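Enquirer: Take the sequence shown: its letters are residues 1 to 102, numbered as in the UniProt record's numbering.
The beta-carbon is built from N, C-alpha and C at its ideal position, and this holds for glycine as well.
Bear in mind that the values here come from a model prediction, so they are computed numbers and not experimental data.
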Amino acid sequence: MSDEFDEAVNMTATELERWLATDESRSVGQSDGGESVGHESGRHIVRLLRKKKGDLTDDDQAHMRKVVGYVHRHLAQRPDGDVEHTRWRYSLMNWGHDPLNG
């Protein structure tokens, strides 16, 4: 699983943390008035990226699978044109994947 996760998450913990602090990051995703699912996931991903592989729990592994699934599904919905300032890209970045990286 960690290979797929490492492929899906192409932002470093520091990059993701900086992104999560932006208004753009908070402007996307589904929420019930509080933090969006993607934003909360991003905070979890930061913790995962900072953990040693041997310290990953079953819950961590489950979240890693959820992240891989989300990133793959969302990439398949790429809109036409320049995606730099789109809600689509911002949502993906909350999940640790910047489609403009490499």
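Is DSSP giving residue 95 helix, strand or coil here?
Expert: coil
Enquirer: Assign residue 101 to buried or exposed, taking buried as 16 or more other Cβ atoms, counted over all protein chains shown, within 10 Å of its Cβ.
Expert: Taking a 10 Å sphere around the C-beta of residue 101, we find fewer than 16 other C-beta atoms and assign the residue as exposed.
Enquirer: If residue 56 sits next to residue 13, beta carbons under 8 Å apart, how far is it from one beta carbon to the other, in whole angstroms?
Expert: Their Cβ separation, rounded to whole angstroms, is 15 Å, which puts residue 56 and residue 13 out of contact at 8 Å.
Enquirer: Return the Cβ separation of residue 28 and residue 38 in integer angstroms, given the expectation that the two are a contact with Cβ distance under 8 Å.
Expert: Confirmed, Cβ separation roughly 7 Å.
Enquirer: So, for residue 81: in the same chain, excluding its five sequence neighbours on each side, which residues have a beta-carbon less than 6 Å away from its beta-carbon?
Expert: none
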